[in-house]
Amino acid sequence: MRRGSILLLLSSASIATASSTPRGVSPEDAKLYAPSAEKTFICFTNPHVTIPYESVNDDYCDCPDGSDEPGTSACSHLPHKSLAIRGFYCKNEKHTPAFLPLGRVNDGVCDYEVCCDGSDEWAGVGGVKCENRCREIGKAARKMAVERERLRNEGVRKKKELLDRAKTMRIELEDNVKTTRIKIEALEEKVKWLEVQLKETEENERLKIVKQPKEGSKLGVLVSLARERMQELGSSLEKVRGDRDFARSRLGKAEGILKALKEGYNPNFNDEGVKAAVRAWEEYLAQEGEHSENRAEERDLDSLLGEDEIDWEGFTEADTHGFGAYLPGGIGTWVHDKLADFRQMLVENGLLAAKSDDGMPESRALVSARQALQAGKTEESDTKSHLETLLSDLTYPYGQDDVFRSLKGECISSQFGEYTYEYCFLGTAYQKSLKDSSSVSLGEYARIEVDKSVNDASVRGIFGSGWEEAHDEGLSGLSLIHENGQQCWNGPKRSVKVDLYCSAVDELRSVREEEKCVYRFEVGAAAVCGRGEHGRGEGVDENVRDEL
Ligand code: MAN
């Protein structure tokens, strides 16, 4: 359609450009279009196809790689990968040269965003006339470029701060590693020493058990307390027996008086008081009988209060279990119960160790030696795992010069569609529903990826994906990969590739779900500003600045 209408123009155009660089060819590619001595043109990647030089830009696609039609749309139907040329070259004087996709040449639309000079519509299809707007567009672009540079410089300044902070953090971390290593060595020694201490204490305890309890030892204290208690009991019993004997002798005297009264009174005297006393004496005798001493009881008491027959000094820990057996009847049980209560009280107050598995109590020294060793071992293993954490932090992928170290854990968020997306640097990315506030992990930080080709794309145009070109600041080529997010129903675990661009302020600029549960974020961060692996190294050309 268009082809027919512009055929006439084309024939004159191709002739007109035959001696110079053909239309749509960049100065650097011009030599490729120099006519041969035979006035022929050889297709770039198909040298077996040779055409007359006049056929270049004749609006007919002769070469399978499109190289014969750099200034028309005749070869625009060819797949991108077959094309040997970058597109239609727009000179864009007073602005930046660019390549326009061939399909947009002479399509009746002025593509000012690429060809500000309007050269893409040279055939005037449909009467379209594209005036050259490069002066104004270039000026605006340069103004923007200066502003961008200002922001980049601000970003570079912030990046320097990040690097300085990261450096300090690393030094602190390395110091911490050193100190922790020294601490571990000391703890290993301490644990060895505590092991020896425990062994020695165990040995001492073993020897103590076979020896008599020493004065001051727990068993010794216990035995001496029992002995004292026994002595107290003996004294009390002695006193009670004395009181009893005294009361008994008074009772004997009183009984003697009443007996004499009964035997000696004159019943012929009608003395009611005497008669009542004699009657009461007779009733008393009928009920109680006359007092007589129980010899067997007396013997028991004598033996109880006699010489201490217990071999207190000979008591061992084991012997105390049969302690009650040494004591007579109820007293043995009573003493045993009291001793049990007493031991319980000592245990409850932390003065005596609870009994060990074999029923033997553990000494305080043994318990504390064992506890000290346990505490030492725990501290040693805690410190070792702390060292592991520090070492893995030292080798963590924080990027060149550790630039992301100080950013770790910092979060930014933006709302897109029905979600708020939150991104935590070197941490987790989240998708939070605005409807029900549910939060889904899109992945944990795994590694950094560098795409060198992004830095090489110096000329805007058909080689850009078109996506990042829509933004003011180009991508740095550095991406943070996040994996192992929440499982997607009927799909993979969620993951995000975070493409970074230079920005003085950390920001989440865009979010796309490229395929089900595979996300792509664009994040601005000062960490990728400036030159080097993490920065595109762009800046405004000095000449451009002069033109403003
Ligand atoms: C949720 C969101 C979407 C995702 C689907 C997959 O709705 O996480 O981004 O595509 O789950 O089922």
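Numbering (mature numbering (1 follows the signal peptide of the UniProt record, and there is no 0)) for the sequence shown: -18 to -1, 1 to 530. The beta-carbon is built from N, C-alpha and C at its ideal position, and this holds for glycine as well. A quick note: this is a predicted structure, and the numbers were derived from the prediction, not measured.
heavy atom of the ligand MAN below 6 Å from VAL173 C-beta
no
At the level of alpha carbons, what is the spacing between GLY100 and GLU75?
11 Å
Whole angstroms is fine: what's the gap from SER244's alpha carbon to VAL260's?
Residue 244 is actually Lys in this sequence, not Ser. Taking the straight line joining both Cα atoms gives about 6 Å.
Note the first and the last residue of the continuous alpha helix (DSSP H) segment covering ARG429.
First-last for ARG429: 421 to 432, but that is the beta strand (DSSP E), not the alpha helix (DSSP H).
Short of 6 Å in beta carbon distance, which residues of its chain neighbour GLY106, apart from the five on each side in sequence? Order them along the chain.
none
So which of GLU118, ARG117, GLY85 has the shortest CA-CA distance to ASP102?
GLY85
Per DSSP, what are the beta-bridge partners of PRO34 in this structure?
THR22
Beta carbon of GLU51: closer than 6 Å to some heavy atom of the ligand MAN?
no
For GLU495, verify whether its CB is less than 6 Å away from any heavy atom of the ligand MAN.
yes
Under 8 Å by Cβ, that's how I've got TYR380 and GLY409 pegged, so tell me the actual separation to the nearest angstrom.
About 13 Å separates the two Cβ atoms, so there is no contact after all.
Express the C-alpha separation of PRO34 and ALA19 in angstroms, rounding to a whole number.
11 Å
Cutting at 8 Å between CB atoms, please list the residues of its own chain near THR365, excluding the five before and the five after it.
THR162, LYS165, ILE166, LEU169
With distance defined between alpha-carbon atoms, name the residue in THR150, ASP93, VAL138 nearest to CYS116.
ASP93
Span separating the alpha-carbon of LEU233 from that of GLY202
46 Å
Measure the C-alpha to C-alpha separation of VAL510 and GLY90 and round it to an integer number of angstroms.
41 Å
Are there 16 or more other CB atoms within 10 angstroms of the CB of GLU504, so buried, or fewer, so exposed?
buried
Rounded to whole angstroms, how far is the Cβ of GLY358 from the Cβ of LYS172, which I believe are closer than 8 Å?
5 Å
Just checking ALA422 against the ligand MAN - is the residue's beta carbon closer than 6 Å to any of the ligand's heavy atoms?
The sequence shown places Val at residue 422, rather than the Ala named in the question. At least one heavy atom of the ligand MAN is nearer than 6 Å to the Cβ of VAL422, so yes.
Residues in its own chain within less than 7 Å of ALA486 by CB, not counting five upstream and five downstream?
LEU133, GLU136, GLY137, LYS140, ALA508
Who are the near neighbours of SER2 in its chain, counting only those whose CB is closer than 8 Å to its CB and skipping five residues on each side?
none
Work out the CA separation of LYS479 and SER492 for me, nearest whole Å.
12 Å
Under a Cβ-count criterion, where at least 16 other Cβ atoms within 10 Å of its own Cβ denotes burial, should GLY459 be classed as buried or exposed?
buried
Within 7 Å, strictly: CB atoms of ASP47 and SER64
yes
Close Cβ partners of GLY473 (< 8 Å) along its chain, the five nearest in sequence each way excluded:
LYS498, CYS499
Between which two residues does the beta strand (DSSP E) holding GLN397 run?
393 to 398
Exposed or buried, which one is GLY224 when buried takes at least 16 other CB atoms within 10 Å?
exposed
Report the rounded CA-to-CA distance for ALA268 versus ALA262, giving the unit in angstroms.
10 Å
With a cut-off of 8 Å on the beta carbons, I'd call ARG387 and MET151 a contact; round off their distance for me.
5 Å
Local Cβ density within 10 Å of PHE23, reported as buried at 16 or more and exposed below that:
buried
What residues are listed by DSSP as bridge partners for ARG494?
ARG502
Can you give me the C-alpha to C-alpha distance between ARG377 and ASP157, rounded to a whole angstrom?
According to the sequence as given, residue 377 is Thr; it is not Arg. One C-alpha to the other measures close to 15 Å.
Note down, in chain order, each residue of its chain lying with its Cβ closer than 6 Å to the Cβ of ASP481, except the 5 sequence neighbours on either side.
LEU457, SER461, GLU504
Could you tell me if the beta carbon of LYS498 falls within a distance shorter than 6 Å of some heavy atom in the ligand MAN?
yes
DSSP puts THR410 in a beta bridge; with which residues?
GLU426
Counting along the chain, where does the alpha helix (DSSP H) carrying ASP481 start and finish?
Not the alpha helix (DSSP H): ASP481 falls in the beta strand (DSSP E), residues 477 to 484.
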